[in-house]
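Sequence order for the protein chains is A and B. Be aware that the first sequence starts at 1, since it is given in my numbering, and climbs by one per residue. Be aware that the second sequence starts at 1001, since it is given in my numbering, and climbs by one per residue. For every residue, glycine included, the Cβ atom is placed at its ideal position computed from N, Cα and C. Since we're looking at a predicted model, the values are computed, not measured. Heads up: the structure comes next, in structure tokens.
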Amino acid sequence: MSIALILQMILAAFAATIIYTIIGAAPGADETATIAPVILVLVLSGMNAMVILSFFISAIVACKLIDAVPVSIAGIPAGVMSTPMVEHAMLLKKNGLTETSIRKIASGAIVGTLVSVPVSLLLARVIVPFASSIKDYGNLVFFIGAIILALLSKKRWVALASIIPFALLIQGLRYLYWGVGAVKEGTNVSTSFFLGITIGPVILTLVELLDKEKRDKMQKFGKNRIYLRKEDELKKVPNPFKILTKKELAYSALASLLGSVTFLLSPVGLTTFFGELLAGRVKDPVEKASLAVSCMEALAQATYIAGILIPLIALGIPLSPVAIGPGNPLFNAPPVYTLEDNMHHILSNGDIAWATLIGASIACIITYFVTVKYSKQICTFVFKRIPHEALLGVFFSLVLLLAFVDGGWINVAGVFLIGIVAGTLHRMGVNYGVLFMILYSAPWISNVLAG
Amino acid sequence: MKKIDNELKDIKEEDNMERNIEVWEDLVYIKDLILALVICSTTALGGYFIAPKGQSKPLLFGISGAIIGFVICALLIKPKRILVEDSKES
């Protein structure tokens, strides 16, 4: 590792921290939608793999850590992941403990990161001997993954029923592109399909807006009123470990450990389940809420880090909700990375560990400092200056651009179609994880069906 | 007090009309949303097409275009949120 490379990694981690501290604080900014396209672009631009990885880790850590701010100050989840925390954060807010809530969440994130990085590196080593047998059945694993995730979701029958039709849609489009010569035969368009799924709900709403009847019927709102609490400025930035009580520290560490081991499962589901389990027995509501938010954040951070590191080190295929969501381009971003030749194959374990350490520590230090000290300023800036329309506009244009790059105008239409279908399925209760797993197992499903 | 007065005035002037819809967990005004989509798409694809030929240059120009579009939108469009500062919890 040369000094120049280390400097690049530090710079990348720094950039990611700043960008995702701002984006992460915006309401509704889903991690997959905000991180995946940017990582994809970095991969396609031919950037060094270690630099990309430290950017990615830093983005994930910053994005999760900054969650503390909108949740605690306004009771607004900054992404799906922080939804389970809202209830507890609101209780703290009601008791005038907004600042405490922010600090507890931020400290929980630090604990989660510190525990999960070494645990994931260790777990990955344990899994390595089984890696080749898991990979041999890669296609089947994705298919089974789709079924398991479908069974775990709320609308399990709808999700199960959608697997084969959605796989056919994907394969159908691929064969169409080969047939008309838009894409070289044998090349699977996948990145832009992936983004089409992500932005599906937005595409569906846009289509509905074309229908005047529907448009008039849509629920209309005035403005989103957000109540901010006046707080005194902090003079000093406190030590994250002193913020948590001994019990909170121990439980957060335990939650992080659990989160790292169960990296295959859905982070949101886990956060709710373990968070309630660990905090459930505490009687005093304030104590309970404060324990819940710190544990949940630690757990969320840990599932995220383990979810990316373990598949990356041991498997080389995206086999966790995080790897298949925001981390997807690290595994699959043709022509640079494919499932047979990606970051797992290019980087050694040491490389991955270094990139992770640099990314995670820079994001932790900066975002923790900023979160604890400038929480109100960030919230005010984001809520007052970043219109939601601009965020939607930039995601939409990234999808459009990458769709065009993948397969020309016909693929722009194809991604639009995928968006409509995925958006509809999503609204019916099929979660992203199922749809992404289907995307991966589509070739196998159609081959099996054809006999 | 002055601040609160301003806020209240803002609320009144800033069309009390209920015309925003919810997309992805936040409110948008349809016309502004369409404007943002058009601006960002134009700058992104525009960047891609005017870029000099090369391995990754068109994509890089395209992304830069998207970011420029984002900044333009952020300057042109007002967020549909009202911040109310309360010194006591309600």
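request  = Work out the CA separation of E340 of chain A and L425 of chain A for me, nearest whole Å.
outcome  = Here the alpha carbon of L425 of chain A sits roughly 30 Å from the alpha carbon of E340 of chain A.
inquiry  = For the structure I just gave you, are there three or more beta carbon pairs, one from the segment 79-96 of chain A and one from the segment 330-349 of chain A, closer than 8 Å?
reply    = Taking one beta carbon from each stretch, the segment 79-96 of chain A and the segment 330-349 of chain A have fewer than 3 pairs nearer than 8 Å; the two do not touch.
ask   = Does L210 of chain A come within less than 8 Å of chain B when only Cβ atoms are used?
value = Chain B, which has no Cβ nearer than 8 Å to the Cβ of L210 of chain A, makes this no.
ask   = Pairing CB atoms from the segment 133-140 of chain A with CB atoms from the segment 323-332 of chain A, are three or more of them under 8 Å?
value = As far as the Cβ criterion goes, the segment 133-140 of chain A does not touch the segment 323-332 of chain A, which means the pair count is below three.
query = Hey, does G393 of chain A have any beta-carbon neighbour from chain B nearer than 8 Å?
reply = Chain B, which has a Cβ nearer than 8 Å to the Cβ of G393 of chain A, makes this yes.
ask   = Can you tell me whether DSSP reads T338 of chain A as helix, strand or coil?
value = Assigned with DSSP and collapsed to three states, T338 of chain A falls in strand.
request  = Pull up the distance between the alpha-carbon of S1090 of chain B and that of K64 of chain A, whole angstroms please.
outcome  = Only weak support exists for where S1090 of chain B lies, its pLDDT of 42 falling under 50; the value from the coordinates is given anyway. Spanning the two alpha carbons is a distance of roughly 28 Å.
task = Using the DSSP secondary-structure output, state which residues sit across from Y368 of chain A in a beta bridge.
result = The beta-bridge partner set that DSSP reports for Y368 of chain A is empty.
query = Excluding five sequence neighbours on each side, which residues of the same chain lie with their C-beta closer than 8 Å to the C-beta of V430 of chain A?
reply = Once the five neighbours on either side are set aside, the close Cβ partners of V430 of chain A are A150, S153, K155, V158, A159, S162.
key: T191 of chain A versus V286 of chain A - alpha carbon distance   = The straight-line gap separating the alpha-carbon atoms of T191 of chain A and V286 of chain A is approximately 45 Å.
query = DSSP beta-bridge partners for I144 of chain A?
reply = None; I144 of chain A has no bridge partner.
key: Q219 of chain A classed as buried or exposed, judged by whether at least 16 other C-beta atoms fall within 10 angstroms   = Looking at its Cβ environment, which holds fewer than 16 other Cβ atoms inside 10 Å, Q219 of chain A is exposed.
inquiry  = Three Cβ pairs or more, each shorter than 8 Å: is that satisfied between the segment 362-379 of chain A and the segment 202-217 of chain A?
reply    = In this structure the segment 362-379 of chain A does not lie against the segment 202-217 of chain A, because fewer than three pairs of beta carbons, one per stretch, are closer than 8 Å.
task = Could you tell me the boundaries of the alpha helix (DSSP H) in which E31 of chain A lies?
result = That run of the alpha helix (DSSP H) goes 31-44.
request  = Select from A:V71, A:Y251, A:G145, A:A4 the residue whose C-alpha is nearest the C-alpha of V111 of chain A.
outcome  = Of the candidates A:V71, A:Y251, A:G145, A:A4, the residue whose Cα lies closest to the Cα of V111 of chain A is A:Y251.
task = Inspect the beta-carbon positions of W1024 of chain B and V202 of chain A and report whether they are closer than 8 Å.
result = At a Cβ-Cβ threshold of 8 Å, W1024 of chain B and V202 of chain A count as neighbours.
task = Would you mind stating whether G275 of chain A and M296 of chain A have Cβ atoms separated by less than 8 Å?
result = Yes, the pair counts as a contact, with Cβ atoms nearer than the cut-off.
ask   = Is DSSP giving N188 of chain A helix, strand or coil here?
value = In the structure shown, N188 of chain A sits in coil (DSSP, three-state: anything other than H, G, I, E or B).
Residue environment, P165 of chain A, which counts as buried when at least 16 other CB atoms sit within 10 Å = For P165 of chain A, the number of other beta carbons within 10 angstroms of its own is below 16, and it is reported as exposed.
inquiry  = Beta-carbon within less than 8 Å of V180 of chain A's beta-carbon, same chain only, minus the 5 sequence neighbours each way: which residues are those?
reply    = So the qualifying residues of the chain are I410.
query = On the three-pair Cβ rule with 8 Å, is the segment 344-354 of chain A touching the segment 1037-1052 of chain B?
reply = The segment 344-354 of chain A vs the segment 1037-1052 of chain B: no contact.
ask   = How many angstroms separate the CA atom of I1030 of chain B from the CA atom of I1068 of chain B?
value = Taking the straight line joining both Cα atoms gives about 21 Å.
inquiry  = Tell me the rounded alpha-carbon separation between H388 of chain A and L173 of chain A.
reply    = H388 of chain A and L173 of chain A have their C-alpha atoms some 32 Å from each other.
request  = Taking the CB atoms as reference points, tell me whether T367 of chain A and I66 of chain A lie closer together than 8 Å.
outcome  = Going by C-beta atoms, T367 of chain A is nearer than 8 Å to I66 of chain A.
task = Measure the Cβ-Cβ separation of I39 of chain A and T356 of chain A and say whether it is below 8 Å.
result = Cβ atoms of I39 of chain A and T356 of chain A: not closer than 8 Å.
request  = Take the Cβ of E185 of chain A as the centre, count every other Cβ of all protein chains shown within 10 Å, and call the residue buried at 16 or more, exposed below.
outcome  = By the 10 Å Cβ count, E185 of chain A comes out exposed.
Terminal residues of the alpha helix (DSSP H) in which E213 of chain A lies = Element bounds for E213 of chain A: 212-217.
message = Counting only beta-carbon separations shorter than 8 Å, does G419 of chain A have a partner in chain B?
response = Taking Cβ atoms only, chain B never reaches closer than 8 Å to G419 of chain A, which makes this a no.
key: From A:L402, A:V282, A:N447, residue whose alpha carbon lies closest to that of P1058 of chain B   = Cα-wise, what sits closest to P1058 of chain B is A:L402.
inquiry  = If the criterion is Cβ atoms closer than 8 Å, does the pair I197 of chain A and L439 of chain A meet it?
reply    = Against a cut-off of 8 Å, the Cβ pair of L439 of chain A and I197 of chain A comes out as a contact.
query = I think L435 of chain A touches A450 of chain A, with their Cβ atoms under 8 Å apart; what is that distance to the nearest whole Å?
reply = That belief does not hold up - the Cβ atoms of L435 of chain A and A450 of chain A are roughly 22 Å apart, past 8 Å.
task = State the beta-bridge partners of V1028 of chain B as determined by DSSP.
result = Partner(s): B:I1021.
task = Look at I226 of chain A and I76 of chain A and say whether their C-beta atoms are less than 8 Å apart.
result = Yes, these two residues count as a Cβ contact at 8 Å.
Length of the line joining the Cα atoms of M1001 of chain B and V282 of chain A = Because the pLDDT of M1001 of chain B is 48, which lies under 50, any placement of that residue in the model is unreliable, and the number read from its coordinates should be weighed accordingly. Their Cα atoms are separated by approximately 41 Å.
request  = Please name the residue, chosen from A:R427, A:V448, A:Y432, A:V415, that lies closest to I170 of chain A on a Cα-to-Cα basis.
outcome  = Answer by Cα proximity: A:V415.
query = Along chain B, which residues have their Cβ under 7 Å away from the Cβ of K220 of chain A?
reply = By Cβ distance, chain B contributes E1018, R1019, N1020, I1021.
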